[in-house]
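full-length UniProt numbering applies: residue 1 is where the sequence shown begins, and numbers increase by one.
Don't be surprised by glycine CBs; every beta carbon is placed ideally from N, CA and C.
Shown next, in structure tokens, is the structure this report addresses.
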Amino acid sequence: MRSMMNGLMKVTEHNNDCTQKEVADFMVPSSVGKPFKDAPGTFDPKMHGRVRDTMMGGMMVMDRTEMKKAGAPHNKGITWEKYCEHRPATTPGYVEKSPNVGDLAPDATIKSINGGPDSTLMAEAKKAANAAGTKLVILSFDGITCPFYRAYAAEDLYKVSNGVPHLHVYLREAEPCDVFDAGGMHMTTPLAMKRPVPWHKTEADRAKIAKETKGFFETFMGDGKCNMWMDTMDDNLEALYEARPWRQYVVDVTTGKVVAKIGLAPFNMDGKCAVIKKACAKGGK
């Protein structure tokens, strides 16, 4: 499964992480003069709404059942307009605004998933580093409804982090079943979610899936080892870090600066793992 899915999301000839333009060229092939093939992962201004897809000779059926129930415009499935709304950073010509290596890591409010007091991203990053005896922290912005993230990407990135502590922040939903089941894997495939996860309307909605994701991550991190918070409902941190559907940054808490970042997800996973592995080679010391 990992090999097949990695192959689907490898967007370059090289094995490094990918740039924004390389992602955009892959997702909107007509923007660079290539023919558009109507299939999950590619988009075009003239595309028809994508409601039901099949793969593997029809053995895998991706049926967006909750989008069909949700009424207009969601019942049209995955359209060009939906793509532009939910994945703007992958569109041709988009200029990234996320912090680069050497920039100060933006700070903002994060919310407790258990109803506790608010905190800030960098305050909790410093606490995590102090507790682990490191100067590096991985800021992990999470959205578990991305099928690649829950299938293997989150675990693979964790396994190359060499003991550097993670601060997890749950974001706006990556692929909510009712408004943007992008890959069509939310409801009907072998990677279907245990329960349908719709668009977050309240903090309680976000906290619920964040707690469930924490439990899932602890199956490979260890019980009690996932330090999970969540973004505010205006999606402020997601916007600052351009993190959707998920993304990781490595920050030096002694300077507050970004020392590494992975590109737009879920593309070129081998390259992303290499970025995190290199940044964490000394265990964050």
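Asked                                                                                                                                                        : Found
Should residue 74 be listed as close to the ligand ATP, given that the test is whether its C-beta is under 8 Å from any heavy atom?                          : What this structure holds is no ligand at all, so the ligand ATP is not there to describe.
Would you check if the stretch 4-18 and the stretch 44-52 touch, i.e. whether three or more CB-CB distances between them fall below 8 Å?                     : no
Closest to residue 51 by CA distance: which of 57, 28, 75, 186 is it?                                                                                        : 75
What residue range is occupied by the uninterrupted alpha helix (DSSP H) comprising residue 156?                                                             : 154-159
With distances taken from CA atoms, which of 27, 29, 282 is nearest residue 160?                                                                             : 282
In terms of residues, what are the limits of the alpha helix (DSSP H) holding residue 26?                                                                    : 20-27
Helix, strand or coil: which one does DSSP assign to residue 247?                                                                                            : strand
Measure from the alpha carbon of residue 249 to the alpha carbon of each residue in 220, 166, 217, then state which is nearest.                              : 166
I'd like to check one pair, residue 105 with residue 265: are the Cβ atoms closer than 9 Å?                                                                  : no
Just tell me which of 33, 101, 1, 172 has its CA closest to the CA of residue 60.                                                                            : 1
Compare the beta carbon distance of residue 128 and residue 137 with 9 Å and say whether it is the shorter of the two.                                       : yes
Per DSSP, which residues does residue 214 bridge with? Please list them.                                                                                     : Bridge partners of residue 214: none, in fact.
Quick check: residue 15 and residue 109, are their CB atoms within less than 9 Å of each other?                                                              : no
Hey, would you say residue 177 sits closer than 9 Å to residue 196, going by beta carbons?                                                                   : yes
May I ask which residues mark the beginning and end of the beta strand (DSSP E) holding residue 53?                                                          : 52-55
Can you tell me whether residue 215 is buried or exposed, with buried defined as 16 or more other CB within 10 angstroms of its CB?                          : exposed
Can you tell which of 147, 163, 116, 114 has the C-alpha that lies nearest to the C-alpha of residue 133?                                                    : 163
Taking only runs of the beta strand (DSSP E) that begin and end inside the stretch 83-121, which ones reach a length of at least 3 residues, in chain order? : 109-112
Where does residue 74 sit, in a helix, a strand or coil, going by DSSP?                                                                                      : helix
Quick check on residue 47: does DSSP put it in helix, strand or coil?                                                                                        : coil
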